[in-house]
Amino acid sequence: MAEINTESYKQNAVKAIKDTVLQNALSNVQDRLGPATALAYENLPEGPELRLKAHKIREFAINNLDILLETLVDKIRDRGGKVFFAQDAAQATDYCLKVAQKNRVKMVVKGKSMVTEEIGLNKVLEANRIEVNETDLGEYIIQLAGEPPSHIIAPAIHKTRKQVAELFTKELGIPYCEDPPFLTQAARKALREKFLKADMGFSGCNLACAETGHITTVSNEGNIRMSTTMPKIHMVFMGMERVVAKLEDHDVLFRLLSRGAAAQNMAGYVSYIGGPRTENQLDGPEEFHLVILDNGRSKILADPEFREVLLCIRCAACLNVCPAYGKIGGHTYGYPYSGPIGAVITPLFVGINRAKDLCQGEPLCGACKKACPVDIDLPRMLLALRAKLADGDCKWNVTRASRMEKLLFMTWSLVIRNRTFYNIALKTGAMLQKFLPGQNGMITQMPFGFKGWTRSRDIVPLAKTNFLTLWKNKKP
Amino acid sequence: MDKNKTITLFIQCLVDSMYPEVGQALVRLFEKLGISVNIPLDQTCCGQPAFNSGYRKEAKIAAKRFITIFESAKVIVCPSGSCVDMVKHQYPNLFRDGSPWQERAKAVSEKIFELTEYLVDVLEVEDVGARFQGKVTYHDSCHLLRNLGVADQPRRLIANVRGTQLVEMENSEKCCGFGGTFSVKYPDISTAILEEKVDNIVAAEVDAVVGCDISCLMNIQGMLNRRKSHIKIMHIAELLAQ
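Protein chains in written order, with this note's numbering: chain A, 0 to 475; chain B, 133 to 374.
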């Protein structure tokens, strides 16, 4: 299981905002990818409306998940692949460890996979003295640095080339150089050795296909092909929602995934893998394992309010447009999934109370929905999570987050229901605000819960006479 | 245009309590256009602050009250994109499917318009005969832009104001960081987002920033004033009533 630090959201945010290197990196990624993805949708032959079709495809898949998974699994087993359904992170890592130990695995290579971050696979393997090598360049960098990913598809986005140069000099023993091609070459050389020696290879699964019985991987570095074909054993970790019915669905979804992720027409490498190598094949693993992970997904599937979040194909387009993510970065979220998708899915995975700041701590601007290649209504679900926190909820075992706030809104609801009360409240406020410090006709310091506002900005006072009173008095 | 038209105004609570001059400008604007306005005196708030914070029971009280007050109106116009979004898109979801309240909510949601949307799309007026000397930039508020799809309408209206030059700021469609209670519950994040917005406004070298939502403008004004900037905020009703 991944470490959960969702409670530190506020403190982490402050730290991230003060980190000028991170701020530059975040602006760069958002300025580069946000508008480029929007343009890529516009330039689709079918136009941005294709996102709605993709939504329907994913919705169909999620609504028929049991049948699709069974079809996929049958086909993979027929080809000699082994399939394991893991209920939670522990079951998934246990299974993996058992296979590794049975085969005396000492060293593994990994293609980038968020699900393995979610289950905390690396830690479990390392604790059992198995060397783990991330092979995606970004993942490789943060593994060397001992940090978690800060972006779903660009995990080392928070690192500058200078930091990478320093890291590589220290860890790989190469001369200091900030030239990206040089650094990439150094990583490539170091990783090549690992690919050749690895006993086992891991990958995630972007989107399986039930019709043909394949898992797929999408990448731009070719490292996933190496990880999945060179070692003797290939193990795939797949969230149970990551399947669609037909091969033709992949055409729509991969075009959108590539645009959402990196504003590309199509990623450099798309691989379809359906089992171990057959007798007449020269390459490929001798053993193929598919681990299908639940880890809280069934519970989400069973709730009509949140089922839609399972449509996500983890492209990270929402991160690239989110104003909150753009300031606080991925580590602030305290769990592998960050940005708007993290703000919805993390509370559902780790507990809504525990991750309350994730769904409350952003301004609901709606940019994520527009950027989503499968048109997921994340703002709707953020609101639904907030509703559970406001009043508590049995189904999700949520307790009321703030009694004080509840009391405030109950009082508010009493005041707004009667115009006379409302006017009295306004008058009282207008009288009391005279005691607040001000400058230039504006209040510079607000009391109680409003303190936060005036830390960085002023506010106009309540009007001496409100508009409706002015209007009433003016009317003949 | 039908000269004998009467519309009903929903005055956003922030306009009513903190920016009455925006309400007055709105009235002047419609007077100028020869449209008579009806302003129900018992109106208060649409319930959005409660709804966005998750307090649906409380929001429902506001919604029922709003529906009761405004359902007899033929057309409701409001000088705020986010309030219109609340009434149009959230009210129907607050009530049980098929319930009488939901039907009433839907009926109201079909006849509410944001100010610029009403002027340009319904009245088909793009030039209200306003005059204002100066350079302005326009801030797209989130719910107006993304949930109501209003972006061109205010720009066309501004372009037709005599003497006014519209300068587009960088990333005008980006959030200002207000987000209702978010701004006081998460002031650090809210401030960081706002800093970027204000930097972009300042870089546009304008006399005023114009918007269709006083909530965003209040947020922006707060920081402009703290930075002792000469740039003023201006609700679009104020610009058009000039």
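Each residue gets a CB set at the ideal place from its N, CA and C atoms; glycine is no exception.
- In the displayed model, A/Ser202 falls within a strand according to three-state DSSP.
- CA-CA distance, A/Gly428 to A/Ser401, rounds to 24 Å.
- By the Cβ-count criterion, B/Glu246 is buried, with 16 or more other Cβ atoms from all chains shown falling within 10 Å of its own Cβ.
- By the Cβ test, the region 202-219 of chain A is not in contact with the region 176-192 of chain A, since fewer than three Cβ pairs between them sit closer than 8 Å.
- Here B/Phe227 carries a coil assignment [DSSP, helix/strand/coil].
- Under the three-pair Cβ rule at 8 Å, the region 447-464 of chain A counts as touching the region 356-373 of chain B.
- A/Ala260 places its beta carbon less than 8 Å from that of A/Ala316.
- At the C-beta level, A/Gly119 and A/Val320 stay beyond 8 Å of one another.
- For A/Glu69, no beta strand (DSSP E) run applies; the uninterrupted alpha helix (DSSP H) run containing it begins and ends at Leu64 to Asp77, by DSSP.
- Contact note: B/Arg197 reaches chain A through Ile415 and Arg416, using a C-beta cutoff of 8 Å and chain order.
- The region 252-266 of chain A and the region 70-90 of chain A do not touch, with fewer than 3 CB-CB distances between them shorter than 8 Å.
- Contacts with chain A at 8 Å (Cβ-Cβ) do not include B/Arg263.
- The bridge partners DSSP lists for A/Phe84 are A/Ile291.
- Contacts between B/Ile368 and chain A, judged by CB atoms closer than 9 Å, are missing: the closest CB pair is about 17 Å apart.
- With respect to A/Asp198, A/Val290 sits apart: the two C-beta atoms are not nearer than 8 Å.
- A/Met234 sits in a strand when the DSSP states are folded into three classes.
- Taking a Cβ-Cβ cut-off of 8 Å, the neighbours of A/Thr464 in chain B comprise Pro152, given in sequence order.
- Counting C-beta pairs closer than 8 Å gives three or more between the region 225-237 of chain A and the region 287-301 of chain A, which meets the contact rule.
- In this structure A/Tyr175 is exposed. Its beta-carbon is surrounded by fewer than 16 other beta-carbon atoms within 10 angstroms.
- Among the bridge pairs identified by DSSP, B/Asn170 is matched with B/Thr140.
- B/Met218 and B/Gln180 have their alpha carbons spaced roughly 6 Å apart.
- Here B/Ala194 is actually not in contact with B/Cys215; their C-beta atoms are around 11 Å apart, not less than 8 Å.
- DSSP lists A/Ile232 as the bridge partner or partners of A/Glu286.
- When CB distances to chain A are screened at a threshold of 8 Å, the residues of the region 175-197 of chain B falling below it are Gln175, Thr176, Cys177, Gly179, Pro181, Ala182, Phe183, Asn184, Ser185, Gly186, Tyr187, Arg188, Lys189, Glu190, Ile193, Ala194 and Arg197, in chain order.
- Taken through DSSP and simplified to helix, strand or coil, B/Asn279 comes out as helix.
- Assigned with DSSP and collapsed to three states, B/Leu298 falls in strand.
- When secondary structure is reduced to three states using DSSP, A/Arg456 falls in the coil class, being assigned neither helix nor strand.
- Per DSSP, B/Ala340 is one residue of the beta strand (DSSP E) stretching across Ala340 to Gly343.
- Here B/Phe310 carries a coil assignment [DSSP, helix/strand/coil].
- The Cβ-Cβ distance between B/Arg197 and B/Leu226 does not fall below 8 Å.
- Taken through DSSP and simplified to helix, strand or coil, A/Thr443 comes out as coil.
- Within the DSSP bridge table, the entry for A/Gln438 names A/Met441 as partners.
- The Cβ atoms of B/Tyr270 and B/Leu251 lie no closer than 8 Å to each other.
- In the structure shown, A/Arg399 falls within a coil segment according to DSSP collapsed to helix, strand and coil.
- Residues of chain B whose Cβ lies closer than 8 Å to the Cβ of A/Arg385 are, in chain order, Asn184, Ser185 and Gly186.
- Under the three-state reduction of DSSP, A/Tyr421 is assigned to helix.
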